[in-house]
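Counting from 1 along the sequence shown, just add 1494 to a position and that's the residue number in the numbering used here. Each remark here refers to the structure printed beneath this line.
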Amino acid sequence: MKKNIWTNYLIAALLVVVFLVPVIYILLSSFKPINELFTNTPAFFPRKWTFDNYRGALATGNFTKYIFNSFIVAITSTFLAVIINTMSGYALAKFRFKGDTVIMIMILSTIMLPLEIIMVPIFQVLKFFGLYNSLWALIIPPAATPTGIFLMRQYLLTIPDEIIQSARIDGASEWKIFTKIILPNAKPAIATLAIFSFMWRWNDYVWPLIAISDPKKYTLQLAIANLTGEFGTDYNSVLAISAVSMIPMLIVFIIFQRQFVQGTMDSGMKG
């Protein structure tokens, strides 16, 4: 028994090393001067610590604006995703109507569609409504996702129907049931959905590249990509801005890690 426990700890430690070493190396390298990045004997830790990379990155281009744009997109899109996916999951989990199973199957089937297939129709719809080249083009399309709806539905299935029926007998409206019963009891799943949604929007590159052409509306990922030019790459700035881009995700995960684990486990308990 103890041998199995130590084996599990060893595997977990190896996975931690595999995933964290590249991240730590990027963070440490962002404090290295340019001559240390391309030396024949590279070191894991900086021999000389410097903040010049960060000063240079912030001075090159309007990176504060790009960071602001990324925050606007990630936070607004996450808020909409939580509301819409939770309401959709609640309807599919607790309401019985003709065709509910078919609707759920159709929603899940869209997961199998590659993003490249739906990019063109989504782009055409956004352009028709005049949303092209605006931050709304990055916020609205991911507001409802099959993954988010499925996650919330699976979690809400674990909430006893008797609680909802009792509230209805007491005269509670559906909106009151949703806000006073469903949302408080679905906090772990909501935290999980919020983390995933924020992460996807914050790290998204392909869709912003298609939907945004105005440099003033670039997100942080587009700005980082633009540091790779035709005549070379500003590795110092790339490392510094990449390190900055990791901070929001680390903060979000640290704050909601307990709810994230609980929500992920509970969402798979009942089908």
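All C-beta atoms in this analysis are idealised placements derived from N, C-alpha and C, irrespective of residue type, glycine included.
For the alpha helix (DSSP H) that P1615 lies in, which residues bound it at each end? Boundaries of the alpha helix (DSSP H) around P1615: 1609-1622.
Helix, strand or coil at T1686 according to DSSP, with G and I counted as helix: Assigned with DSSP and collapsed to three states, T1686 falls in helix.
Can you tell me whether W1543 is buried or exposed, with buried defined as 16 or more other CB within 10 angstroms of its CB? Its Cβ having fewer than 16 others within 10 Å, W1543 is exposed.
Let me confirm a value: P1636 is counted as buried when at least 16 other C-beta atoms fall within 10 Å, else exposed. Which label applies? So P1636 counts as buried.
T1722 - partner residues in DSSP beta bridges: T1722 is bridged to T1727.
Is the region 1688-1702 touching the region 1658-1668, taking contact as three or more C-beta pairs under 8 Å? No, they do not touch.
Could you tell me the alpha carbon to alpha carbon distance between K1681 and R1695, rounded to whole angstroms? Roughly 21 Å between the two C-alpha positions.
Decide if N1529 is buried, meaning its Cβ has at least 16 other Cβ atoms within 10 Å, or exposed. Classification of N1529: exposed, given that the 10 Å Cβ count is below 16.
Burial state of S1667, where buried means 16 or more other Cβ atoms lie within 10 Å: Taking all protein chains in view, the Cβ of S1667 is surrounded by fewer than 16 other Cβ atoms within 10 Å, so the residue is classified as exposed.
Have a look at V1512, Q1618, D1546, Q1648 and flag the residue whose alpha-carbon is nearest the alpha-carbon of S1731. When each option's Cα is compared against that of S1731, the closest is D1546.
On the CB-based measure, 16 or more other CB atoms within 10 Å of its CB, does K1766 come out buried or exposed? The first residue shown for the chain is 1495 and the last is 1765, placing residue 1766 beyond what the model contains.
At 4 residues or longer, what runs of the alpha helix (DSSP H) sit wholly inside the region 1508-1576? Counting whole runs of 4 or more residues, the region 1508-1576 contains the alpha helix (DSSP H) stretches 1528-1531, 1546-1553.
Go ahead and pull the three-state DSSP assignment for K1710. The three-state reading of DSSP puts K1710 in helix, counting H, G and I together.
Where S1739 sits in the DSSP three-state scheme: Helix at S1739.
Could you check whether P1540 and F1525 sit closer than 7 Å to each other, using their CB atoms as the reference points? With contacts defined as CB atoms closer than 7 Å, F1525 and P1540 qualify as a contacting pair.
Drop a sphere of 10 angstroms on the beta-carbon of R1590, count the other beta-carbons inside from all chains shown, and report buried for 16 or more, exposed for fewer. Exposed, since its Cβ has fewer than 16 Cβ neighbours within 10 Å.
C-alpha distance - P1749 paired with I1741, whole-angstrom precision: It is worth fixing the name first, because residue 1749 is Ile in this sequence and not Pro. Between I1749 and I1741, the C-alpha separation is close to 12 Å.
Closest by CA to Q1659, which one among Q1648, I1676, I1643? Taking each of Q1648, I1676, I1643 in turn and checking the Cα distance to Q1659, the smallest one comes out for I1676.
Nearest-angstrom Cα distance between I1633 and P1516? If you take the alpha carbons of I1633 and P1516, they lie about 30 Å apart.
Start and end residues, alpha helix (DSSP H) containing T1468: Outside the shown range of the chain, which is 1495 to 1765, sits residue 1468, and nothing can be said about it.
Would you identify the three-state DSSP class for A1779, choosing helix, strand or coil? Outside the modelled stretch of the chain, which goes from 1495 to 1765, sits residue 1779, for which no answer is possible.
What is the rounded straight-line gap between the Cα of L1521 and the Cα of K1621? If I take the Cα positions, the gap works out to 39 Å.
Could you check where the alpha helix (DSSP H) with I1658 kicks off and where it finishes? Element bounds for I1658: 1655-1663.
Determine, using beta-carbon pairs with one atom in the region 1554-1563 and one in the region 1609-1624, whether at least three such pairs fall under 8 Å. By the Cβ criterion, the region 1554-1563 is not in contact with the region 1609-1624, since fewer than three pairs of Cβ atoms, one from each stretch, lie closer than 8 Å.
Starting from A1638 and walking both ways along the alpha helix (DSSP H), at which residues does that stretch end? Premise fails: A1638 is in no alpha helix (DSSP H) and is neither H nor E.
Candidates S1523, A1575, I1671: closest to L1645 by CA position: For L1645, the closest of S1523, A1575, I1671 by C-alpha to C-alpha distance is A1575.
May I have the straight-line CA-CA distance separating L1447 from F1747, to the nearest angstrom? This structure does not reach residue 1447, given that the chain is present from 1495 up to 1765, and the question cannot be answered.
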